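Some notes on the structure that comes next.
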Amino acid sequence: MTTANPEETAGTSSPERLPLRASSASWLNHRLSTLQEALERPLTSYYLLLGASALLLVIGLIMVMSASSVYAYQHYNGDSYAVVKKQLMWVLLGLPVAYLASRMSQRWIRRLVWPAYVLSLGLLLMTAFMGISVYGNKNWLALGPIQIQPSEIAKLALVLWAGHIYALKERRLRSVHHMVMPVVPGLLLATALVLVGHDLGTALVFGAILLGLLWVVGFPSKWFTIALLVVSSVALFFVGISHERQVRIANFLNPFNDFQGAGWQAGHGLYALSSGGWFGEGIGASRQKWGQLPEAHTDFIFAVLGEELGLVGTLLVIGLFVVLAYAALRVARQTADPFVRYVTFGVVVWLVGQAVINIGMVLAFLPVIGIPLPLVSYGGSALLPSLVALGLVIGFARREPEAAEALAQRKRSRSAGISAR
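Quick note: the sequence shown uses our numbering, first residue 1, plus one each step.
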């Protein structure tokens with residue numbers, strides 16, 4: 001009787017396993033090639049920007065409705081929907097404005113950058129001396145019956161103004177002097193006006209926008225490192241002159257060291273996130289929003305989102321910001337227009353950077369500095385400029401030559417189909 005060699009038996013795969021492995025690899029390769037083809041289509045950036053922005057807005061409205069219900073009931077004569085109705089009003093106002101921004105020609109946009117910059121500086125100056133102080137930060141300005149936060153408007157104005165200046169100097173940006181003048185002094189002036197009102201969080205966002213723009217125009221690494229150190233030193237200086245900020249810095253890694261004091265907000269934010277589990281307690285089922293978590297519908301809405309929608313919900317929101325960043329950077333990388341490139345990159349640094357700061361703050365990776373989550377947190381002053389900025393970037397995406405041709409072809413096909421009927 002002949003026996004099989006054990007070594008040959010061990011080295012031979014069963015005939016049933018080979019087709020299974022081959023089919024699995026073939027299925028994976030097919031899926032990856034399909035994804036790659038979808039990402040290479042001309043309108044991919046346009047649809048990704050549109051879809052991610054819309055989903056974040058919807059999630060934001062749902063979470064503002066839930067997170068603000070207790071607060072609204074207490075402060076608006078028993079109307080639990082008072083806050084979300086205001087947010088819905090801002091959304092309904094912001095969407096047409098964003099649409100107009102997406103359709104506005106670049107010539108008109110660039111005509112408005114200097115008036116917008118001067119107006120934002122004027123509003124910041126008024127806020128520094130006549131503003132309303134909230135939690136120690138003088139960053140609100142009363143204009144008749146409404147209150148606005150001029151620093152949010154200034155973020156958009158500064159990005160557009162800096163993008164315009166750098167686009168004009170495109171051929172001279174090999175010189176450090178032209179990289180610096182007048183963008184760096186202009187942004188530092190706006191940052192100084194914000195710091196007069198003790199708003200360190202917004203000042204850090206301004207600093208991030210400045211460093212991001214310097215990086216994209218090719219600022220020399222040696223000088224870039226020095227600029228980064230200067231921004232860090234200024235931030236540490238303003239932390240050092242404020243006892244409240246010192247306490248927050250000392251406790252942000254472990255807020256439970258001073259849970260009844262400086263760690264109260266961060267600690268309850270972590271409680272909210274930890275109790276959410278994988279899939280959350282359900283919409284409206286948050287316990288921390290019942291007076292335990294300050295600013296539940298503004299700066300710490302991500303904590304309530306984690307409590308009610310769980311890890312899956314938080315990862316969805318983070319994923320949507322990643323999609324926004326990917327699509328916008330794709331627009332900035334593919335465009336031949338320097339104004340589009342600089343403005344798009346500035347918007348990414350502003351919105352996605354602010355989201356990173358807010359989420360890091362809620363997760364206790366960063367100290368609590370009062371930064372809202374773009375498109376999700378309550379507040380018209382932050383929402384309107386964000387929608388306008390996204391409208392501009394969406395407009396840039398749809399006006400790219402290949403995207404514009406694809407849209408025109410689709411319109412022609414649709415018209416031909418209607419005519420045939």
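Glycine included, C-beta positions come from ideal geometry on N, C-alpha and C.
Since the model is a prediction, treat every value here as computed from it, not as a measurement.
Same chain, Cβ closer than 8 Å to residue i, neighbours up to 5 away in sequence not counted
i, result
"Gly426", "Since the first and last residues shown for the chain are 1 and 421, residue 426 lies out of range."
"Arg412", "none"
Same chain, Cβ closer than 7 Å to residue i, neighbours up to 5 away in sequence not counted
i, result
"Val134", "Trp140"
"Gly163", "Phe339, Tyr342, Val343 and Gly346"
"Gln106", "Phe339"
"Gly360", "Leu366"
"Val196", "Ala128"
"Glu170", "Pro338"
"Gly94", "Leu383, Leu384 and Leu387"
"Gln409", "none"
"Gly263", "Asn251, Pro255, Phe256 and Asn257"
"Ala203", "Thr191, Val194 and Leu195"
"Met63", "Ile301, Val304, Leu305 and Val376"
"Ala38", "Thr44"
Counted within 10 angstroms of its Cβ, other Cβ atoms place residue i as buried (16 or more) or exposed
i, result
"Val83", "buried"
"Trp350", "buried"
"Glu402", "exposed"
"His198", "buried"
"Phe396", "buried"
"Phe237", "exposed"
"Arg414", "exposed"
"Gly40", "It should be pointed out that residue 40 corresponds to Glu in this sequence rather than to Gly. Burial call: exposed."
"Arg399", "buried"
"Gly261", "exposed"
6 Å CB neighbourhood of residue i in its chain, flanking five on each side removed
i, result
"Gly267", "Pro255, Phe256 and Phe259"
"Ser381", "Ile148, Gln149 and Glu152"
"Gly207", "Val231"
"Val113", "Leu160, Trp161 and His164"
"Gly277", "Gly310"
Distance cut-off 7 Å: residue i Cβ against heavy atoms of the ligand SAH
i, result
"Thr298", "As for the ligand SAH, it is missing from this structure, which has no ligand bound."
Anticipated Cβ contact below 8 Å, residue i with residue j, distance rounded
i, j, result
"Leu124", "Val194", "6 Å"
"Ile394", "Leu50", "6 Å"
"Val312", "Ser66", "Not confirmed; about 16 Å, so no contact."
"Pro372", "Lys155", "With a Cβ gap of about 12 Å, Pro372 and Lys155 do not count as contacting."
"Ala272", "Gly306", "6 Å"
"Val217", "Met179", "5 Å"
"Ile209", "Leu168", "Actually they do not touch by this definition, with Cβ atoms about 18 Å apart."
"Leu200", "Leu211", "In fact, because the Cβ distance is near 16 Å, the residues do not count as touching under 8 Å."
"Val362", "Ala325", "Contact doesn't hold; Cβ gap of about 19 Å is too wide."
Any chain D beta carbon closer than 8 Å to residue i
i, result
"Tyr81", "No chain D is present in this structure, which holds just one protein chain."
Quiz item: Are the segment 70-78 and the segment 289-303 in contact at 8 Å, needing three or more beta carbon pairs?
Solution: yes
Self-check item: Those runs of the beta strand (DSSP E) which lie wholly inside the segment 71-133 and span at least 3 residues
Solution: none
Quiz item: If you pair each beta-carbon of the segment 323-336 with each one of the segment 89-103, do three or more pairs fall below 8 Å?
Solution: no
Quiz item: Touch check for the segment 156-172 and the segment 223-233: three-plus C-beta pairs under 8 Å?
Solution: no
Exercise. Determine contact between the segment 295-302 and the segment 369-378, defined as no fewer than three beta-carbon pairs at a distance below 8 Å.
Key: yes
Quiz prompt | Any alpha helix (DSSP H) of 4 or more consecutive residues that is wholly inside the segment 315-386 | solution = 338-362
Practice problem: Output the residue ranges of the beta strand (DSSP E) runs that lie fully inside the segment 128-163 and measure 3 residues or longer, sorted by chain position. | Solution: 132-134, 137-143 and 146-148
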